[in-house]
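Numbering (the UniProt record's numbering), first residue to last: 1 to 155. All C-beta atoms, glycine included, are put in the ideal place defined by N, C-alpha and C. Below is one structure, written out as C-alpha cells; the observations come after it.
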Amino acid sequence: MRYWLMKAEPEELGIADLAALPSQTVGWYGVRNYQARNFMRDQMQIGDRVLFYHAGGKQPGVAGIVEVCSGAYPDPTQFDPSSPYYDPKSKPEAPRWQQVDVRFLKQTRYLSLNAMREAPELEGMLLLARGNRLSITPVEPSHWRAVMALLGETA
DNA sequence: GCCAACGTTGGC
DNA sequence: GCCAACGTTGGC
1 MRYWLMKAEP EELGIADLAA LPSQTVGWYG VRNYQARNFM RDQMQIGDRV LFYHAGGKQP
61 GVAGIVEVCS GAYPDPTQFD PSSPYYDPKS KPEAPRWQQV DVRFLKQTRY LSLNAMREAP
121 ELEGMLLLAR GNRLSITPVE PSHWRAVMAL LGETA
C-alpha cells in the first residue's frame, strides 16, 4: 500500500462535501498534469491512503484522510464542452486524462501548511519542496506516520 | 491580486 | 530538439 497527498480546492470539493455525499465517494476529476496523471494510472492501487489537502484558501493544509477505491479510468470532464476541464484535443477513442475514485475515511484536525513546514520530521516531504505545484504527490511512509502523529491519529 | 516557479505549446 | 512565449498553480 502506498501513501499520497491530493490537493483539492475546498470551494469546489472540501472534505466536508465529500463526507456529505451519499456514497462518500467521488471521482477525482480535473487532473490536467501528466505527472499527476501518471501517478494515478501507474502507481495508485485500491486501498492506498491519501491525505486530503485543502489548497488555494487562506489557510492551506491537510483536512482529512481518504482512500483510493478504484483503478484509473477516463475522466469524463475532458469530453464535456461545458466543463472548465474540457480538453478539445482529447478524443474518446484515445483519452488523455484519467481519474481514480476516492472514498471518505475521516475528517481530521486541521493541519496547516505552516505547521507542516515547522515540523522537522516532515523535512523532505514533496509537498513542502520549493516550487512544488503537483496536485498529487507520493508521501513517504515515515512522513505519513509523522503526519498521523501531528493529527493525533493512531492509525 | 501579485508573482515565482513550473509546465506546455508551437515555430523554426 | 531548442527555446521563447504563454498559461497555470497556489502561497502569500
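Original post:
Cβ of Gly47 within 8 Å of Cβ of Val68?
Top reply: yes
**OP:** Can you give me the Cβ contacts of Leu5 inside the same chain, cut-off strictly under 6 Å, excluding the 5 residues immediately before and after it?
**Re:** Leu51, Tyr53, Leu127, Thr137, Val139
Original post:
Looking only at its own chain, which residues have a Cβ that is under 7 Å from the Cβ of Lys106, when we skip the five neighbours before and after it?
Top reply: Gly64, Ile65
Original post:
Using the C-alpha atoms, what's the distance from Ala20 back to Gly57?
Top reply: 20 Å
**OP:** For Gln35, count neighbouring Cβ atoms within 10 angstroms of its own Cβ and tell me buried if that reaches 16, exposed if not.
**Re:** exposed
**OP:** Would you please state the rounded distance, in angstroms, between the beta carbons of Gln78 and Trp28? I believe it to be under 8 Å.
**Re:** Between Trp28 and Gln78 the Cβ distance is about 13 Å, and since that is not below 8 Å, they are no contact.
Original post:
Exposed or buried, which one is Asp42 when buried takes at least 16 other CB atoms within 10 Å?
Top reply: It is exposed - the Cβ of Asp42 has fewer than 16 other Cβ atoms within 10 Å.
Original post:
Rounded to a whole number of angstroms, what is the C-alpha to C-alpha distance between Glu11 and Leu18?
Top reply: Each residue's alpha carbon lies about 12 Å from the other.
Original post:
Which partner residues of Met6 appear in the DSSP bridge assignment?
Top reply: Phe52, Ile136
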